[in-house]
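Down below is the structure, laid out as structure tokens.
Listed below in structure tokens is the structure:
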């Protein structure tokens with residue numbers, strides 16, 4: 136791909152006595168491609184590090200869901216049924232209001 140230096144904003148500072156300097160040639164020919172590749176690698180590595188940092192929490196949550204320890208059936212079975220015992224937890228009212236009872 137041919138680069139037109141007259142359109143480039145680097146044209147005034149990239150030339151020395153009308154000739155393209157070696158660093159400018161390298162930057163255009165390979166540098167920008169390498170920088171783009173490096174930017175992609177940095178983004179992918181950052182995302183991978185973020186995923187790995189959350190892995191223990193995901194494993195704990197998954198084990199709790201699979202084992203059934205997250206919520207047991209006894210915890211929610213009779214929560215808002217009329218006449219359900221309070222159990223001292225504060226979750227089950229001893230006398231539920233009409234809005235809590237089932238129709």
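Numbering (the working numbering), first residue to last: 136 to 238.
We put the beta carbon where it would ideally sit given N, CA and C, even for glycine.
It should be emphasised that the depicted structure is a prediction, and the values quoted were computed from it without experimental measurement.
Distance between residue 187 and residue 165, taken at the CA atoms: about 32 angstroms. The C-alpha of residue 190 lies about 24 angstroms from the C-alpha of residue 174. In this structure, the straight-line span from the alpha carbon of residue 178 to that of residue 184 is close to 10 angstroms. In this structure residue 159 is buried. Its beta-carbon is surrounded by 16 or more other beta-carbon atoms within 10 angstroms.
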